[in-house]
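Here's the structure, in structure tokens; my notes come after.
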Ligand SMILES: [Zn+2]
Ligand SMILES: [Zn+2]
């Protein structure tokens with residue numbers, strides 16, 4: 002492989018090649034998305050070049066002036082370099098050269114950054130941590146590559162010897178533990194150093210970036226591809242961090258593909274990187290990522306990292322479904338692949354991207370549980386508005402993971418209905434704890450009670466211990482999607498000592514009904530008696546309960562004292578009688594939702610609102626209710642979530658504001674769970690085959706003296722004529 | 002005028018004429034908005050005609066089956082009649098005829114409606130109240146007119162003698178108090194009866210509809226035009242009811258115009274009806290009506306009543322600004338004017354509708370205070386996103402009015418920022434108090450504390466007495482809009498005995514700043530000592546206060562015991578020291594807002610959240626803070642509202658999250674109020690001329706030893722170089 006790096010390598014030749022540039026130069030003269038994007042960026046760069054150039058001596062930590070200035074600089078050098086290639090106007094190359102020379106003057110005398118964390122193993126020089134320094138190199142080496150042909154020999158010498166090579170060495174030999182680490186920070190370092198190797202003709206650097214400093218293969222980029230994603234391309238920390246981690250992967254891989262196509266980097270591990278891009282898209286609803294773990298809820302498929310990912314994926318595959326996503330992203334990248342996307346969109350070649358019901362195996366072997374998506378998809382579904390369930394029998398997801406084993410979320414008509422709080426954070430808002438994760442992220446958002454899963458004795462899963470959480474994960478019992486809907490089951494016995502949590506969720510199509518319904522069977526068994534809580538966090542305004550509430554109308558107290566309970570006000574409570582217990586709310590999307598629980602008279606319902614013990618008003622005041630059973634060794638929480646009706650005060654009509662469920666019954670026959678649902682004056686039998694293996698799923702059973710046959714995990718039978 | 006009704010009147014000739022129909026028949030064969038609308042309505046009517054026809058014996062009150070059925074019937078007859086005219090397919094006429102004959106069979110034997118209110122002076126027969134009966138006639142007489150030419154003589158006789166004439170007589174001679182009343186219910190009755198007069202050649206009915214039963218001119222449609230709107234076309238109850246009241250006015254007026262153009266009905270009272278349509282549009286922000294008084298907040302310019310209004314206004318004036326609104330309404334009316342709108346939109350003739358800063362005089366003389374709108378409009382403003390102030394030194398607005406003298410609201414970037422609760426109601430949601438106004442509409446939404454205006458001694462304006470409220474109203478001191486912005490002042494001394502409330506609001510453009518700021522000077526003077534509260538209800542998440550809060554973090558109690566206070570939880574409080582006191586929140590539009598108050602150390606701030614004493618979860622849990630001064634005879638609440646910055650977690654940037662105000666000073670020189678604002682490292686002097694009359698507004702004054710001149714009510718001086 003080393004031989005493929007010629008002495009006189011062409012420039013540019015990283016993400017964008019000189020062949021790409023030829024085509025791109027033609028395209029900027031033709032009306033269309035690409036030319037528009039070029040003109041916009043050029044105007045932006047022109048404006049920024051009017052400002053005085055500043056390469057300040059590093060001083061501030063994250064968010065501070067010098068930190069932000071150096072971040073802006075690498076972005077600006079990259080953009081100006083690209084404008085140089087496309088416009089062929091030397092002034093842009095001169096600008097980049099000047100800045101690189103200023104950096105080359107500055108760097109040799111720089112000590113470690115003054116704002117670094119003491120005892121940290123990964124300080125930077127321009128930045129307080131070397132992660133930022135690696136990102137700086139990824140951009141800057143591309144900028145250098147873009148202006149290389151405009152440089153004279155002494156400039157090349159100075160910039161390479163005084164700046165780029167020392168930085169690359171600092172980030173590799175200088176920080177072996179970070180560089181060799183199979184971790185997303187390592188990916189930035191290997192990407193920067195490897196790309197520097199291509200540009201500056203240092204094939205050894207490329208080898209080290211790919212296989213670690215010892216070229217052992219125990220670390221490095223290839224190991225990262227092998228370890229950091231599951232075989233289906235799922236990243237352990239969840240979609241919010243997946244799209245962030247993805248960026249150096251696809252950037253470096255594209256550079257490898259252009260320099261060493263013989264490595265077939267995109268074919269590694271059965272096309273892992275393409276799967277990772279695709280999975281990132283699948284992990285969204287109505288354009289936003291599922292907000293599991295530490296996640297800013299407004300992040301979605303239009304984030305710049307995924308724009309790059311989708312652009313590269315389309316360039317590699319020509320799959321027109323990616324154009325659908327590119328269209329929603331509404332941003333064109335100035336690169337060879339970006340040109341392909343722009344031209345294809347101009348020609349209106351986009352076809353609907355297919356969102357799927359799927360279980361993404363978790364962990365690098367794909368066997369540490371799974372993250373499950375269920376979508377009530379029909380032929381011509383608008384994926385942005387269909388009923389969707391996210392079910393999470395997944396692993397902890399490291400330090401940003403939440404203690405939410407087996408939690409779920411429900412989406413419909415564009416909105417979150419059964420919600421996850423996401424991260425407690427106001428990104429970059431200084432007044433809110435410096436814009437970092439708020440204290441309430443630990444005290445509330447990560448806690449189990451902040452999620453829609455069982456809490457035992459008001460204690461968080463794994464006793465809130467991240468290491469224990471990372472070492473233990475749920476089992477995915479099964480997942481199946483068929484014409485009746487999608488069903489999945491998972492369990493975990495390590496979240497609490499002596500307690501097994503097992504949950505089966507199904508998104509079921511009932512023939513003749515407009516919307517799919519979600520069935521939830523949550524079985525808790527334990528050695529000793531416990532208090533079991535199952536919260537449901539809903540988005541909307543409570544419309545009614547079909548059981549009387551006792552409201553705390555004249556004073557409020559928190560539901561509990563710790564583990565997140567201290568942040569919830571107890572607004573009302575009730576213990577519904579045996580039978581059905583319904584809670585109906587109205588979402589901002591104008592639809593009603595009713596959760597019908599099948600209760601035995603021993604479940605209390607506690608209605609909550611967030612905001613207690615929150616002196617700085619850091620929490621959103623969201624609503625939920627907790628189903629509680631006390632002093633029990635075993636309990637099965639059974640419920641059905643039903644979307645219904647429409648509230649349109651603007652047009653002055655309201656349809657089906659009341660739940661249409663009149664009956665819900667649960668029985669079991671051997672391994673079969675039988676759920677009878679009476680709804681909208683029809684009756685259905687939903688059967689879930691809970692067999693331990695997938696071996697013998699074809700079976701017969703009797704119901705109401707009739708023999709019915711089942712082939713698979715899930716079936717629906719209409720009972721109307723019985 | 003009577004002579005213009007010929008014995009053989011043409012049909013149809015009400016809102017739509019036979020000449021219109023000729024053009025409309027041509028248009029349905031040409032691709033475009035009109036044809037699309039026609040096809041859609043035809044498909045809808047076809048589907049409805051498949052259902053069995055039902056003309057049930059009246060039984061149910063509002064919302065019940067027979068009530069809703071009869072409402073659907075008149076709409077269906079009207080639509081089918083129109084489809085008959087356009088398609089010339091007899092089956093539609095036959096359908097309408099059949100239904101009319103069924104009604105004619107039913108009506109003669111009907112007693113008063115069984116669900117009528119006892120002792121009511123206006124029961125109906127098809128409906129529990131005659132208002133619905135009048136609406137029925139307005140639609141049904143038009144349907145009859147549309148199918149008239151397909152009827153034979155015996156059908157005509159039966160339908161007219163057994164149904165239409167008796168109904169018209171019942172609604173006129175049969176209920177003189179309603180028919181003669183100068184009230185919106187009377188408008189429906191006169192519209193129905195007058196239009197029946199045109200169709201059935203009863204010129205006397207038209208005269209009575211126009212001048213009252215005695216033809217005295219003391220009542221009737223012309224008197225309604227004279228009395229029910231202010232000279233500027235503002236309807237006393239506010240925009241939510243204005244768009245509703247408007248409908249029979251424009252419908253009947255259009256029929257009069259077509260039958261008796263010599264009456265020049267649209268020129269009455271200086272073109273009042275066109276002004277009323279136009280004012281209804283002006284009373285909106287980003288497509289939604291200002292939610293003053295009892296108002297459902299999602300109602301806006303796309304309501305069907307205003308679609309009719311805008312259609313007729315465009316038909317009359319050809320003003321292409323109306324097309325901008327029609328485009329936003331996105332609904333075409335099948336009528337002669339509707340065709341004009343559709344064709345013009347197809348030709349892309351729309352030009353931006355000009356929203357204005359304006360004071361709409363209230364009351365029929367326009368002198369009972371005013372409803373004031375201020376918009377920070379520039380040449381190419383996007384009116385849906387500019388800073389906008391609604392200021393309400395307006396009259397009570399009858400039974401649906403709120404006790405909110407001198408309240409205000411603030412809008413920016415598409416959203417409500419300083420908000421009004423609107424009505425407490427879930428329209429047509431049975432579980433929420435039958436879909437009617439909720440009890441909390443009385444106990445909270447109408448109360449003064451639910452608004453952004455002063456409450457004395459925790460008591461509501463006029464002691465919550467509607468009659469007293471209707472009899473008293475504020476004075477509009479002045480209103481002026483110029484290049485510096487807009488300023489308005491109002492006062493009232495009858496809301497509380499012995500207390501004068503005077504408020505001056507200004508929306509001010511500060512040169513060099515991106516956004517206008519809102520200045521609020523609220524002066525309270527009284528004979529005795531009182532507790533004064535000034536609430537501000539904000540939409541968004543509290544970001545910070547620049548003074549320490551004492552939070553009720555572990556238990557909550559209501560702020561007070563009655564008059565709305567019982568519904569607000571007291572979340573935190575503080576008494577900021579003398580100087581500036583800032584409260585910053587983040588709206589969902591991604592912008593920050595800071596209210597900077599100039600305090601003397603005697604104002605407490607009480608932070609509140611709605612939801613106390615609300616056992617049925619009927620209230621939205623919105624936030625506010627109350628500035629409170631106790632035991633005082635006089636107080637001036639001074640504050641500045643400043644939009645700033647941008648929060649974009651999706652793109653990972655946050656700009657100017659902190660207020661840029663560093664100084665605020667208030668002084669007075671004779672009748673001049675001088676407000677010095679230090680903001681974004683600039684200094685400005687805002688001067689408001691509070692002179693009692695508009696006579697001598699040109700003046701000179703000294704500031705910092707400099708002589709400045711003022712010409713008008715409002716001016717801004719830059720002080721940077723001093
Ligand atoms: Zn979470
Ligand atoms: Zn109000």
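Protein chains in written order, with our numbering: chain U, 2 to 723; chain X, 2 to 723. Quick reminder that beta carbons are idealized off the backbone N, C-alpha and C, glycines included.
Within the segment 407-484 of chain X, the complete beta strand (DSSP E) segments of 3 residues or longer fall at 408-413, 416-419, 476-483, listed in chain order. In the structure shown, residue 558 of chain U adopts coil according to DSSP, grouped into three states. The beta-bridge partner set that DSSP reports for residue 525 of chain U consists of U:502, U:636.
Between the alpha carbons of residue 234 of chain X and residue 77 of chain X lies a distance of about 32 Å.
DSSP places residue 25 of chain X inside the alpha helix (DSSP H), whose first and last residues are 19-28. Between residue 352 of chain U and residue 321 of chain U, the C-beta gap is smaller than 8 Å, which places the two residues in contact. Within the chosen limit of 7 Å, ligand 2 reaches the beta carbon of residue 293 of chain X through at least one heavy atom. Taking all protein chains shown into account, residue 178 of chain U has fewer than 16 neighbouring C-beta atoms within 10 Å of its C-beta and is therefore exposed.
Interface annotation for the segment 404-438 of chain U against chain X: 426, 427, 428, 429, 430, 431, 432, 433, 436, criterion Cβ-Cβ distance under 9 Å. Under the three-state reduction of DSSP output, residue 679 of chain X falls in the strand class. Going by DSSP, residue 375 of chain U is part of the beta strand (DSSP E) stretching over 371-376. Annotation: the continuous beta strand (DSSP E) that includes residue 491 of chain X extends over 486-497.
Listed by position along chain U, the residues whose Cβ is nearer than 7 Å to that of residue 297 of chain X are 650. Taking the Cα positions, residue 200 of chain U is about 41 Å away from residue 472 of chain U. Residue 432 of chain U is not a Cβ neighbour of residue 682 of chain X, given a cutoff of 8 Å. In the structure shown, residue 325 of chain X falls within a helical segment according to DSSP collapsed to helix, strand and coil. Shown here, residue 116 of chain U sits in coil according to DSSP, grouped into three states, outside any helix or strand. If only uninterrupted beta strand (DSSP E) runs of at least 3 residues are considered, those enclosed by the segment 572-647 of chain U are 580-587, 593-600, 605-611, 624-645. The CB of residue 570 of chain X comes closer than 8 Å to the CB of 557 in chain U, given here in chain order. Within 10 angstroms of the beta-carbon of residue 45 of chain X lie fewer than 16 other beta-carbons, which makes it exposed.
Here residue 428 of chain X is not near residue 627 of chain X, since their CB atoms are 8 Å or more apart. Per the DSSP secondary-structure output, residue 653 of chain X pairs with nothing in a beta bridge.
Under the Cβ criterion of 8 Å, residue 300 of chain U is counted among the residues facing chain X.
Within chain U, the residues placing a beta-carbon under 9 Å from that of residue 550 of chain X are 616, 617, 618, ordered along the chain. Taking non-hydrogen atoms of ligand 2 into account, the C-beta of residue 309 of chain X is found less than 7 Å away from none of them. Within the segment 574-591 of chain X, the residues whose Cβ lies closer than 8 Å to any Cβ of chain U are, in chain order, 585, 587. Our two residues, residue 571 of chain U and residue 497 of chain U, have alpha carbons roughly 25 Å apart in a direct line. Contact annotation, residue 414 of chain X with residue 592 of chain X: C-beta distance approximately 5 Å; criterion of less than 8 Å satisfied. Contact holds between the segment 306-325 of chain U and the segment 264-281 of chain U, because three or more Cβ pairs, one in each stretch, are under 8 Å apart. Against chain U, the CB of residue 304 of chain X has a partner CB under 8 Å away; the residue lies at that interface. When DSSP states are grouped into helix, strand and coil, residue 96 of chain X belongs to the helix group. Of all residues in the segment 531-545 of chain U, those with a C-beta nearer than 7 Å to a C-beta of chain X are 542, 543, 544, 545, reading in chain order.
Leaving aside the five residues that flank residue 526 of chain U on each side, the residues in its chain whose CB is nearer than 6 Å to its CB run, in chain order, 501, 635. Put simply, the backbone Cα of residue 653 of chain U is about 27 Å away from that of residue 226 of chain X. Remark: C-beta atoms of residue 291 of chain U and residue 300 of chain U do not approach each other more closely than 8 Å. The straight-line gap separating the alpha-carbon atoms of residue 40 of chain X and residue 648 of chain U is approximately 26 Å.
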